[in-house]
Amino acid sequence: MFNKILIANRGEIAVRIIRACREMGIRTVAVYSEADRDALHTQLADEAVCIGKAQSSDSYLNMERILSATIATKAEAIHPGFGFLSENSRFVEMCEKCNVAFIGPSAEVISRMGNKSEAKNTMRKAKVPVVPGTKEPVYTVEQALEAVKEIGFPVMIKASAGGGKGMRVAGNEQEFAKLFETAQQESVHSFSDNTMYLERFVENPRHVEVQILADKYGNVVHLGERDCSVQRRHQKMIEESPCIAISDDLRKKMGETAVRAAKAAGYESAGTIEFLLDQSGEFYFMEMNTRIQVEHPVTEFVSGVDLIKEQICIAAGEPLSVQQKDIEIRGHAMECRINAEDPERHFMPCPGKITDLHLPGGNGIRVDTAVYNDYAIPPYYDSMIAKIIVYDKDRRSAIRKMISALGEVAIEGVKTNVDFLYELLNQPDFQEGNITTDFIPQHYPDL
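According to our numbering, the residues represented by the sequence shown are -2 to 444, in order.
Dropping the structure here:
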């Protein structure tokens, strides 16, 4: 087992990883930007190293500085969390060259599954159902229009390197060219990559993902599914497990398919196979996230498995602590993402100083956060400041508990989306489980 791990991240996920390491008796190193000098993760870690200015490119995305900090502090491994460098294959290659363990999959797997076209081809070979789409990358409007003749409209335009960015839906040929160019420009801006791919747009689907764990010895298990359908601009807002829209037989089939997909990818570590589930009950592979997910706590609640600890053990060469026959999904868990943003101003980020803070507690309530009273939220990073996760015996009870928890939240000094989440949970369609990825656009068309 590792003696010391450097956490190449910030915010609540850095705090989450540090706490897991402390429970395992592993020393930790926090890295921070100048804007995060007083951040909670720097105070909880055994050591803290400043790696640059506030901008991510000068700090949390600066591979050389992060590796220099790792070597200087004699850390044996790096945990990347999510975002930043967590799915950067070049960074993983650099770790390997420096003899530093990367707590995640190999560079080869990240590269293969991070490229949407190559990932789809890998799944096709493994007989995992995929949405009809391009088998090769496209770079120009002309190439894309030729491909659409076979795929048909409506079509989803996607950045090969992205998730949530560089995505547009075209309903006909007249609007296609402009939307393709806009999505491609967004991809270049966000990922420095103009590689695009196309797929048939599945109307009103659910976004259902399956959590998997895979060790270095070929053992792969799944830990049930999460319904992540409630999204705004392709960014998840509420996640829950299990998905009430699927039968036990379909759940078993999706889990087995996810395991087959992970094996086909040669995967090691914690990862997520994401599916689109259509109205008829057919499901299609969408992508694989080769990292821990923001919403991993809901799976931890219903499965009883600590995913961060499992990640660390896998990277250290240990076999999985659980087998498929040992995993039993119990009860219902739900997560709400608390963001410092103003719903009345198109969810514009609202950095600033938190002048007063009260977060909920109680049986079956977990809060993952890195904020505290008088904490100044910097303007340079993602606006998520906390996650509230609840657990109860069934979905209806979990919703009641989440409504109660949100009603207890008090965050003064900055605008948040708490009231908007509270309103979502009280929507009759949400309470009845009538949710798809179009839930928010249908109920709040003005957004």
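Glycine included, C-beta positions come from ideal geometry on N, C-alpha and C.
Predicted model, so just to flag it, every value in this text is computed and none were measured.
Three-state secondary structure (DSSP) of residue i
i	result
Arg393	helix
Glu93	helix
Phe282	strand
Thr352	coil
Phe99	strand
Leu176	helix
Cys18	helix
Pro489	Absent from the structure is residue 489, since the part of the chain shown begins at -2 and ends at 444.
Lys213	coil
Phe188	helix
Leu82	coil
Arg109	helix
Ser226	strand
Ala27	strand
Pro346	strand
Thr269	strand
Glu183	helix
Ala373	strand
Gly358	coil
Where residue i falls, given that 16 or more other Cβ within 10 Å makes a residue buried
i	result
Asn169	exposed
Asp365	buried
His343	exposed
Ile241	exposed
Glu93	exposed
Gln308	buried
Among the options, the one whose alpha carbon lies nearest that of residue i
i	options	result
Leu274	Asn59, Thr433 and Arg16	Thr433
Val406	Val207, Asp426, Asp389 and Asp353	Asp353
Ala262	Arg392, Gly221, Lys113 and Glu178	Lys113
Val125	Ala259, Val185, Thr296 and Gln424	Ala259
Pro129	Gln276, Val138, Leu422 and Pro151	Pro151
Gly120	Ile324, Gly149 and Ile270	Going by the sequence as given, residue 120 is Met instead of Gly. Of the candidates Ile324, Gly149 and Ile270, the one whose C-alpha sits nearest the C-alpha of Met120 is Ile270.
Ser108	Ala383, Glu44 and Glu90	Glu90
Gln290	Phe282, Gly349 and Leu210	Leu210
Leu468	Thr70, Asp339 and Arg62	For the chain, the structure presents residues -2 to 444; residue 468 sits outside this window and is missing.
Start and end residues, alpha helix (DSSP H) containing residue i
i	result
Leu37	Leu37 to Leu41
Ile437	Phe436 to His440
Residue span of the beta strand (DSSP E) that contains residue i, given as start and end
i	result
Ser65	Here Ser65 belongs to no beta strand (DSSP E); instead the alpha helix (DSSP H) covers Met60 to Ala69.
Arg197	Met193 to Arg197
Ile235	Gln232 to Ser238
Gly252	Run containing Gly252: none in the beta strand (DSSP E); it sits in the alpha helix (DSSP H), Asp245 to Ala262.
Ile48	Glu44 to Gly49
Thr366	Ile362 to Thr366
Arg165	Met164 to Ala167
Lys1	Lys1 to Ile4
Ile75	Ala74 to His76
Could you pull out every unbroken alpha helix (DSSP H) segment of at least 4 residues lying fully inside the segment 380 to 426, listed in chain order? 392 to 405 and 415 to 422
Can you list the alpha helix (DSSP H) stretches of 4 or more residues lying completely in the segment 294 to 331, in chain order? 304 to 312
In the segment 131 to 162, which residue ranges form an unbroken alpha helix (DSSP H) of at least 4 residues, counting only runs that do not cross its ends? 138 to 148
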